[in-house]
Amino acid sequence: MNFDYTDDQKALKDEARRFLSAVSPLSVVRTALENPDAGYDRALWQRIGEQGWCGAAIPEEYGGIGMGHVELCALAEELGRAVAPVPFASTVYLFAEALLLGGSDAQKSELLPQVAMGALIGTLAVSEGPGVLVPDRVATRFAGGRLTGTKLPVTDGMAADRAVVLASSDEGPGLYLVDLTGAGVERRLVSTIDPTRGAAEIVFRDAPAEPLVGGLGLLAQVQDRAAVLLAFEQLGGADRCLEMARDYALERYAFGRPIGSYQAIKHKLADVFVRNEVARANAYYGAWALSTGAPELPLAAAAARVAGSGAYLLASRENIQTHGGIGFTWEADCHFFYRRARHLGLILGAPRDWKRRVADRLELKLALETAA
Amino acid sequence: MNFDDTPEEAAYRATVRAWIAANAPDLSRLSPEERRNWHPAHKEVARQWQATKADAGYACLSWPKEQGGAGGSAIEEAIFNQEENRAGLQFTYFMTGLHMLLPALMEHNKDAASLARVPPAVRGEEIWCQLFSEPASGSDSAGVRCAAVKDGDEWVINGQKVWNSGAQIADYGMLVARTDPDVPKHKGLTVFWLDMKTPGVEVRPIRMMSGDNELNEVFLTDVRIPDSQRVGELGGGWKVIISTLMNERAALGSGTGLNWRDVMKLAGQVASWDGTALEDPAFREWLADLYVDAEAIRLLSFRTLTSLSKGAAPGPEGSAGKLLWSNLAQTLTDKALDVLDHAGLMDDPDEALLGGAFQHRFLWAPGLRLGGGTDEIMKNIIAERVLGLPGDVRVDKTVPFREIPNGR
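This is the structure:
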């Protein structure tokens, strides 16, 4: 039992933090926010690509570094902390993971090396509009090697070169690989509450598509793995919100005292700390399950996602509250985190979806325990 | 205890409901964007509606006729407001002036120049803003640094105000300034009213995190105003501030904005695992909790009204309503976005359900917990003024203002 990063992993994480504080200060997020058409920061994405981070968990045979998923979690935590406006999650946690698990050798050999060097942006396109995603009811259809339907919203849908798309077919629902730069694909930018992470509507009309292996089981696996990785982004963001709030509470005076000397503020920040610790504990357990392929992963991932989504939303909200009026302005940085908290909490399905999964998986766990 | 209308009240309600139906502006001809607060088209509709009400004797119903009101009762005014809200006519442009500032002006100033400002405000022709908060005086509302120095029969004002809602469109403002920094903080404050076009007044919009520009900074540089525009006693500003803030909380506590009806409408249109989100048992359970709080806010405003109708001033219990309402607004938007799932991110008024109202509200909601008294101040008021618990140990109350620690 070692419920912490190893020394090597800590060194990687420290290095990542130094690197990101140099190349991705919050002014980079502000620039992205004020240029919503860009969808992400190209220069930053290039720098991150040069670090080899996109290939951190991609095996060496496909051009990656093959470090493992705990290392990727450490990077995710730092990227979340920086609110980095890059298509890292879409490309690495969703697209690359889907290919690794469900791609043919040819698909992996062609695309994963490009992902690993930061030369290819990918995404996962599942949602078809308002409401919870019910995977076996999607309207998008795959038949005869072609895919037709509309996906909305797709994070990084404008920036991505390739997408893994959820569609139904005569063989049942599953995931399909589509070249977004090819024929039969039309896309447009859609405005979202976190413009630093661009989103698109993508319309497929007989777009050439290749099936991945695994059907809805593959989708669930990809979602579970991404849930853990995103939980680390959420954790990084939530920790930074708490630090910002603490720093401001020390500096701001009211009634002749620092506001941090009032229990109203102390207890608020202590509550945030507790939720962040809950998120951290569940995220670490998820990282262990992810990196070891443990059967606990589905439950651990869902718990990590529920805890992470809740913690980040609370921390980002109470950071604004602690800052008072100034925290509610465009000029302050607090809203970057509030927007990103909501973005991360929705892109893989809203908390109500994941809470349901927690309950379903608990039932399964109990049934297995009873049987044994 | 009786929540039913008396026969007279019911008759009055029927009359005003019919009148509103016959005279209400048609907001549906505005685009979703124009329908948002502070949009010029929205403001113009509000102004016309206020004038229509004034002509028919429905504006400031409970005020005396000589002040532009209708000489009605507080109950009649409440019934009219309820019917107005029911018809979806919630306009905030005149609230600061009519609910907070002008009652204080009328109470303290009897001169013709001051009272002449009242009738145009009642008709919506003149808008008022509040110039109280400052960068170092938010929750600490007696920490005002903006200085007013007497020069003959005039006051010369220098300082900076902030979070001034509507100052960009306001014709008049009510301002609090420090007239004596050598006495304890609450004793050295004085309130004034001024024309926002007075030389030396500069309004700069603040862009809020939602991207809207409702709030402003107001810079005052050698602004000269006559002593006749002083509101209340010299050094008596704190009393004036408290009465306007109580009015504000009572008004905010009555709960405007998106409500359970809107989230039900949304949930009814959004697919869920089985049927719509509205049919989801977990949603229904949440909805019940939401309704109980929302209904309490509405009913608590009746209680405020009951005490008003007995001639009492709005009390500290208004703080409970304000606290409930601002937190409810946050809960409501969170749930709506959850129900929309991935599409909860989409905020374009032309493509999001209900014109993107919930996404817009999501970016507004944090401000509701800050403006008009933060959550923390509301809780202190409840604990200290309602429950009678002792206040914090204060280091700033008895020393001269200029000696209070400020961290710099």
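Line by line, the protein sequences give chains X and S. For the working numbering, add 1150 to where a residue sits in the first sequence, where the first one is 1. For the working numbering, add 9 to where a residue sits in the second sequence, where the first one is 1. Heads up, the beta-carbon is just placed ideally off N, CA and C, and yes, glycines get one too. Bear in mind that the values here come from a model prediction, so they are computed numbers and not experimental data.
Rounded to the nearest whole angstrom, the C-alpha separation of residue 217 of chain S and residue 1480 of chain X is 5 Å.
The CB of residue 388 of chain S comes closer than 9 Å to the CB of 1414 in chain X, given here in chain order. Taking the Cβ atoms as the reference, residue 1290 of chain X lies roughly 7 Å from residue 1297 of chain X, within the contact range of under 8 Å.
By the Cβ-count criterion, residue 369 of chain S is buried, with 16 or more other Cβ atoms from all chains shown falling within 10 Å of its own Cβ. In this structure residue 99 of chain S is exposed. Its beta-carbon is surrounded by fewer than 16 other beta-carbon atoms within 10 angstroms. The Cβ neighbour count for residue 148 of chain S, taken over all protein chains shown within 10 Å, is at least 16; the residue is labelled buried. The C-beta of residue 1219 of chain X has 16 or more other C-beta atoms within 10 Å across all chains shown, which makes the residue buried. The region 108-126 of chain S makes contact with the region 173-185 of chain S: 3 or more CB pairs, one atom from each, lie closer than 8 Å. Within the DSSP bridge table, the entry for residue 373 of chain S names no partner.
By the Cβ criterion, the region 1364-1374 of chain X is not in contact with the region 377-394 of chain S, since fewer than three pairs of Cβ atoms, one from each stretch, lie closer than 8 Å. Within the region 356-374 of chain S, 356, 357, 360, 362, 368, 371 and 372 place their CB atoms closer than 8 Å to a CB of chain X, listed in sequence order. S:176 is the residue among S:330, S:358 and S:176 whose C-alpha sits nearest the C-alpha of residue 226 of chain S. Shown here for residue 141 of chain S: same chain residues with a beta carbon closer than 6 Å to its own, the five before and five after excluded, namely 185 in chain order.
Taking the Cβ atoms as the reference, residue 123 of chain S lies roughly 7 Å from residue 202 of chain S, within the contact range of under 8 Å. Inter-segment contact for the region 355-373 of chain S and the region 1341-1360 of chain X is present: three or more beta-carbon pairs are separated by less than 8 Å.
In the assembly as shown, residue 1199 of chain X is a buried residue. Its beta-carbon has 16 or more other beta-carbons within 10 Å. Bridge partners of residue 142 of chain S according to DSSP: none are assigned. In this structure, the straight-line span from the alpha carbon of residue 1232 of chain X to that of residue 333 of chain S is close to 34 Å. Closest by C-alpha distance to residue 1325 of chain X, out of X:1239, X:1177, X:1416 and X:1245, is X:1245. Listed as beta-bridge partners of residue 171 of chain S by DSSP are S:226. Here residue 1314 of chain X is not near residue 1335 of chain X, since their CB atoms are 9 Å or more apart. Within chain S, the C-beta atoms nearer than 7 Å to that of residue 1342 of chain X come from 354, 355 and 356, in chain order. Straight across, the Cα-Cα distance linking residue 1319 of chain X with residue 1356 of chain X is about 13 Å. Residue 274 of chain S has its alpha-carbon roughly 23 Å from the corresponding atom of residue 90 of chain S. The C-beta distance from residue 1272 of chain X to residue 1311 of chain X rounds to 7 Å, short enough to fall under 8 Å. Membership of residue 186 of chain S in the beta strand (DSSP E) is indicated by the continuous run 181-187. For residue 1519 of chain X, the uninterrupted alpha helix (DSSP H) segment begins and ends at 1501-1521. Counting only the Cα atoms, residue 85 of chain S lies some 43 Å from residue 1281 of chain X. Of all residues in the region 378-403 of chain S, the ones placed with a Cβ closer than 8 Å to any Cβ belonging to chain X are 378, 379, 380, 383, 384, 385, 388, 389, 401 and 403, in chain order.
When Cβ-Cβ separations below 9 Å define contact, residue 1215 of chain X makes no contact with chain S.
Distance check between residue 1300 of chain X and each of X:1264, X:1410, X:1338 and X:1438 places X:1338 closest, using alpha-carbon atoms only. Residue nearest to residue 38 of chain S within the set S:210, S:410, S:222 and S:51 is S:51 (criterion: CA-CA distance).
For residue 1471 of chain X, the residues of chain S that pass the 9 Å Cβ criterion are 375, 378, 379, 383, 384 and 385, in the order they occur in the chain. With a 10 Å radius around the Cβ and a threshold of 16 neighbouring Cβ atoms, residue 1175 of chain X comes out exposed. In this structure, residue 343 of chain S sits near residue 371 of chain S, with a CB-CB distance shorter than 9 Å. In the three-state reduction of the DSSP assignment, residue 1195 of chain X falls in the helix class, which pools H, G and I.
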